[in-house]
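Engineer: I'd like to ask some things about the structure below.
Numbering (this note's numbering), first residue to last: 106 to 312.
Okay, here's the thing in structure tokens:
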């Protein structure tokens, strides 16, 4: 995840760098997940899912550590999130259809929560939003843990907690999209979005 977007002196370094490479690797894990799901390999599937989430943490860490935080990196991170989460939702139905049928409400809420904010962002800004809010970070961590526990047959109740966390995170992202006038990356909360809008209004009133 990214804290702040900067642009390096060398434009090519904003495209080809280690954090972005890690993000590309994460995106490439999506077809691997599908292959494993179609071949009914649940253990390997969960292992690759854990690896993909590790790369999600790693790309942000490397970007900050190496001072290579870029707008492209933030967008790659968001595309990776959407692609991996969409893949895990579809693959869950392929691998564990009966389990999915037993928990239709929380699973549907989780899917809607990562889909609707994306659609709204695409409609308003014509691009994928990259807010990286704290609520989304919490929701993602909760959902991944709940996903692993549910489909490994350990515990099923955490999926309900994950659904609540995802619902809150989605509502916050939707409100942020409705509040801000221009697409902006790394808005950590609705309060930050409100402050940003006020700053823009004050700036515009001076002209």
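Glycine included, every Cβ here is placed at the ideal spot set by N, Cα and C.
Output needed for residue 229: all residues of its chain with C-beta closer than 7 Å, excluding positions within five of it in sequence on either side, in chain order.
Structural biologist: Once the five neighbours on either side are set aside, the close Cβ partners of residue 229 are 282.
Engineer: So, are the CB atoms of residue 239 and residue 294 less than 8 Å apart?
Structural biologist: In contact: residue 239 and residue 294 (Cβ atoms closer than 8 Å).
Engineer: Tell me which residues share the same chain as residue 122 and place their Cβ nearer than 6 Å to its Cβ, disregarding the 5 neighbours each side in the sequence.
Structural biologist: Excluding positions up to five away in sequence, the list reads 173.
Engineer: Determine the DSSP secondary structure at residue 231, reduced to helix, strand or coil.
Structural biologist: Coil.
Engineer: Does the count of Cβ pairs from the stretch 153 to 163 and the stretch 200 to 212 closer than 8 Å reach three?
Structural biologist: No, the stretch 153 to 163 is not in contact with the stretch 200 to 212.
Engineer: Would you report the Cα separation of residue 140 and residue 198, rounded to the nearest angstrom?
Structural biologist: The alpha-carbon atoms of residue 140 and residue 198 are separated by roughly 14 Å.
Engineer: Taking Cβ positions only, does residue 304 come closer than 8 Å to chain D?
Structural biologist: The structure shown contains no chain D; it is built from a single protein chain.
Engineer: Under a three-way DSSP split, which group does residue 203 fall into?
Structural biologist: Helix.
Engineer: Could you check if residue 157 is buried or exposed, using at least 16 other CB atoms within 10 Å of its CB as the buried criterion?
Structural biologist: By the 10 Å Cβ count, residue 157 comes out buried.
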